[in-house]
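Numbering (our numbering), first residue to last: 25 to 79. Even for Gly, the Cβ is constructed at its ideal location relative to N, Cα and C. Read through the structure below, which is laid out as structure tokens, and then see the notes.
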Amino acid sequence: MNTNNFKFFLFFRCDEYLKELVKYTFIVPQLVHCALVLMFFIGWFHYHKGTPNLA
Numbered sequence: 025m026n027t028n029n030f031k032f033f034l035f036f037r038c039d040e041y042l043k044e045l046v047k048y049t050f051i052v053p054q055l056v057h058c059a060l061v062l063m064f065f066i067g068w069f070h071y072h073k074g075t076p077n078l079a
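Written as structure tokens, this is what we have:
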């Protein structure tokens, strides 16, 4: 195995790892946050039977 292939292999593995890291540190928490906000508003509508007066 020559050095160029090895460097490319290492970079490729690192790139895969970074993609996983980005997915689990940014995308998944954003989805969880959206789900929590959605649950909050659904609960609010169910409890108050109307739109929240946020103004």
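Query                                                                                                                                    : Result
Near Leu-42, what residues of its chain come up, given a Cβ to Cβ distance below 8 Å and the 5 sequence neighbours on each side ignored? : none
When DSSP labels each residue in this structure, what does Gly-74 get in the three-state scheme?                                         : coil
Just the Cα atoms here: how many angstroms apart are Lys-73 and Glu-40?                                                                  : 47 Å
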